[in-house]
Structure formats: structure tokens, C-alpha cells
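Student: In this note's numbering, each residue's number is its place in the sequence shown (first place is 1) plus 81.
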Amino acid sequence: MSANSSNNFLDRMGIWASSLCALHCLLLPILIPLIPYIGASFVAQDWFERSILTISMIIGFWALLSGFYRYHRQIYPLYSLVLGGLIYWNKDMFGEAYEPFTIAVGALLIIAAHIINFKLCRSCQECAH
82 MSANSSNNFL DRMGIWASSL CALHCLLLPI LIPLIPYIGA SFVAQDWFER
132 SILTISMIIG FWALLSGFYR YHRQIYPLYS LVLGGLIYWN KDMFGEAYEP
182 FTIAVGALLI IAAHIINFKL CRSCQECAH
């Protein structure tokens, strides 16, 4: 596997992890009544949500730093990742009523960081040494 395809894989993995994290948080209010029936009460716990987000951010930093050092030398995807992670981590900062909106904004910023990094890596003609 080449370095560029490895980095593309990380970006794709980051997009999927961030998307699943957002889906989890947005669908949780619908699934809460079903939790006792499926025996999965851990999915409603704050530690579970933060664990998913932490994994998503680790993948994000790995992918974006790899793209930065190997290919494009553009820092702005990292800004989007960090801002999205901070917004997502503090999803209840505007109150419970705005939590779905805050989650969506944070997740979209994280996903946008991966998409931008993916495009920057693909547009690079030669690797930086």
C-alpha cells in the first residue's frame, strides 16, 4: 500500500467514524426507549459518546498530520478538525434544545477536515521529503 493510499484510507476511516458518531448522537433520542429491550444501556452513557469522539479525533489527527507532513503542508484542515472536536465535545454548551444542531456542526467540521485533507493529498503531484 502506498503512502498516499494509506493516508486516503485514514481520511475515509475518519469520515466514517465521525459520521457514525454524529448518527449515534442524533438517533439516540429515538433509540432510548428501545435500550432496555436490547440490553444496550451503555450507548446512552456520556463516556461512550466521548470514547467514540476521542477515537474519531485520534484517527483525524493521524490522517491530517500524515497528509500535512507527507504531501500538502496546509494547516487549515487541522483547524477544522480541532474546532469540530471542541464543538462536538461541548455539545450541550447552548442547552439541550440546541444539542442536535451543535452535534451536526461539530461533526460536519470534522468530516470537512477529512474531505479537505483527502483532496489536498490527491492533488499533490510529488511527496514532500
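Every residue gets a Cβ at the ideal spot worked out from N, C-alpha and C, and that includes glycine.
Do Ile197 and Ala103 have their C-beta atoms within less than 8 Å of each other?
Tutor: To locate residue 197, count along the sequence shown from 1; it is residue 116. To locate residue 103, count along the sequence shown from 1; it is residue 22. In this structure, Ala103 does not lie closer than 8 Å to Ile197 by Cβ.
Student: Quick one: give me the first and last residue of the alpha helix (DSSP H) that Glu130 is part of.
Tutor: Residue numbering aside, residue 130 sits at position 49 when the sequence shown is read from its first letter. Start and end: Asp127 to Gly148.
Student: Quick one: what's got a C-beta closer than 7 Å to Trp97's C-beta in the same chain, skipping five residues either side?
Tutor: Start at 1 with the first residue of the sequence shown, and residue 97 comes out as number 16. So no residue of the chain qualifies.
Student: Which one of Gly187, Leu190 and Met94 has the shortest CA to CA distance from Ile136?
Tutor: Against the sequence shown, residue 136 aligns to sequence position 55. If we check each option's Cα against that of Ile136, Met94 comes out closest.
Student: Specify the secondary structure class of Phe175 as computed by DSSP and reduced to three states.
Tutor: Residue mapping note: residue 175 aligns to position 94 of the sequence shown, counting from 1. Looking at Phe175 - three-state DSSP - the assignment turns out to be coil, as it is neither helix nor strand.
Student: Assuming Tyr152 is part of the alpha helix (DSSP H), what are its boundary residues?
Tutor: Counting from 1 along the sequence shown, the entry for residue 152 is found at position 71. Segment: none, Tyr152 is in no alpha helix (DSSP H) and carries neither H nor E.
Student: Along the chain, where does the alpha helix (DSSP H) that runs through Ile196 open and close?
Tutor: To locate residue 196, count along the sequence shown from 1; it is residue 115. Start and end: Glu180 to Ser204.
Student: Is the beta carbon of Ile140 closer than 8 Å to that of Phe149?
Tutor: To locate residue 149, count along the sequence shown from 1; it is residue 68. To locate residue 140, count along the sequence shown from 1; it is residue 59. It is not a contact, given that the beta carbons lie outside the stated cut-off.
Student: Among the candidates Ser99, Ser204 and Tyr169, whose CA atom is the shortest distance from the CA of Arg154?
Tutor: For the purposes of this step, residue 154 is identified with residue 73 of the sequence shown, where counting begins at 1. With distances taken between Cα atoms, Arg154 lies closest to Ser204.
Student: Taking Cβ to Cβ, would you say Tyr169 is nearer than 8 Å to Ile191?
Tutor: The residue labelled residue 169 in the question sits at position 88 within the sequence shown. The residue labelled residue 191 in the question sits at position 110 within the sequence shown. Yes, the pair counts as a contact, with Cβ atoms nearer than the cut-off.
Student: Taking only the alpha-carbon atoms, compute the straight-line gap between Ala144 and Met138 and give it to the nearest angstrom.
Tutor: Counted from its first residue, the sequence shown places residue 144 at position 63. Counted from its first residue, the sequence shown places residue 138 at position 57. Computed Cα separation, rounded: 10 Å.
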